[in-house]
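So for the sequence shown, UniProt numbering puts the first residue at 1; every next one is plus one.
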Amino acid sequence: MGGRGAGGRDDEAARIFDVRLLAKTGVTEFIAFSGASGNLTRQSGIEAGRVIAFLAIVFLHSYPNIDPSPATLLLWDQLPRFAVPFFFITSGYFLWPRVNSLARVCRIVLRILIIFLFWVIAYNLTSPENLVPRGWWNTFLGGGVGFQLWFLSALAIAVLLSWALVRIFGLSIAVLCGAALFVIGTLIGPYHIPLGFPTFGFIVRSGPFFGFPFVALGMLFARCNVQVRPILGLSIFIFGAAAQVIECYEVRGIDLGQSGDFFFSTAIYGAGAFLFFSSLEGKAATSIGRFGKYVLGAYVIHVAIILWLVKSGYYGVIGWLAFVALTFIYSMTFSVVASKVPIIKRLVQ
């Protein structure tokens, strides 16, 4: 592509952000929730982060069958919101070494879409109206009954957009485009009511406005080898959590019926989560990280398990905590078992 191609612009991007470049290391094939870095210590922290982020998602999707105060409900709704941005950032981090290869990008997207389509069909067999042509687009973006599957379609969009922008303009412009899309998405999403914007008829998080900015950020972290001490990562993480809750309250009060999947503070929250988890090391991170490769399978099945468990009923805080624990354990167990069965292994890993 010449001296001012993507590689040249990427070096310029590193100088602009004034951080050390990532040493060239071998990286295994990218998978939506799974990959490996040349730095095994760092990988164990990221893998442990995947497991903890999945637990946060189970927490988010398992609202207690009690009557908490509005303030408590606000905390329950917002504190787990670091998880999905963390997944996107992690995906971008492992995508970076192969984003310039169209063949590899196509293989990645195809693998994501195969997993997505299988589980969309499986979830929506009980709601066939989501599978007819007039409902295809909304089901593709939102997942239908399997509402958690929106992450996979958004990830596929983000990967393709990453390849196109990095290929044409380089990483620095791709990151700037991601920042612009995130600002636009936040304004027309959670801020559309206070700003008086009309409802646009689609879930903003499901397009390029949410996933791509964090994937681009993950690529930047990988390209520039961004590393911090655990205490700094934790400080950013905690600050992001506080900012997320405060911004949510300022924008929508305690009305959880309004759109509030993400806010401007979510960028800090998600980045802080990645910086913190990627800095972890030691036996605890390694032990928890061993289960990181099973998170994708647990993620795609956990809503089905929630729908199954909720029929049994659960009451009070103790019952709710047991519900969360059972959902997490059953989901991870399913993924572990499914990964041992060759015919379905590629649908959960």
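Each residue gets a CB set at the ideal place from its N, CA and C atoms; glycine is no exception. Nothing here was measured: the structure is a model prediction, and the numbers come from that model.
*Is residue 244 near residue 214, with beta carbons less than 8 Å apart?*
no
*Just list the alpha helix (DSSP H) runs in the segment 157-207, keeping only unbroken ones of 4 residues or longer that don't cross its boundaries, in chain order.*
171-188
*By Cβ distance below 7 Å, which residues in the same chain neighbour residue 41 in space, the five residues on each side in sequence not counted?*
With a pLDDT of 49 at residue 41, under the threshold of 50, the modelled position of this residue cannot be trusted; read the value that follows with caution. Counting only Cβ-Cβ distances below 7 Å, and skipping sequence neighbours, we find 281.
*Indicate the three-state DSSP secondary structure (helix, strand or coil) for residue 62 in the structure shown.*
If DSSP states are grouped into helix, strand and coil, residue 62 belongs with coil.
*asked:* Along the chain, where does the alpha helix (DSSP H) containing residue 269 start, and where does it finish?
replied: Element bounds for residue 269: 265-278.
*Do three or more CB pairs link the segment 330-344 to the segment 292-303 at distances below 8 Å?*
Contact between the segment 330-344 and the segment 292-303 is established, with three or more Cβ pairs separated by less than 8 Å.
*Indicate whether residue 175 and residue 99 have their beta-carbon atoms separated by less than 8 Å.*
no
_Whole angstroms are fine: how far does the CA of residue 89 sit from the CA of residue 102?_
20 Å
*asked:* Determine whether the beta carbon atoms of residue 159 and residue 95 lie at a separation below 8 Å.
replied: yes
*Coarse secondary structure for residue 283, derived from DSSP in three states*: Here residue 283 sits in helix by DSSP.
*Please report the residue range of the alpha helix (DSSP H) in which residue 220 lies.*
211-224
*Look up residue 126 in the DSSP assignment and say whether it is helix, strand or coil.*
coil
*For the alpha helix (DSSP H) that contains residue 88, what are its first and last residues?*
Counting along the chain, residue 88 sits inside the alpha helix (DSSP H) bounded by residues 83-95.
*Beta-carbon proximity of residue 49 to residue 221, cut-off 8 Å*: no
*Exposed unless 16 or more other CB atoms sit within 10 angstroms - verdict on residue 154*: buried
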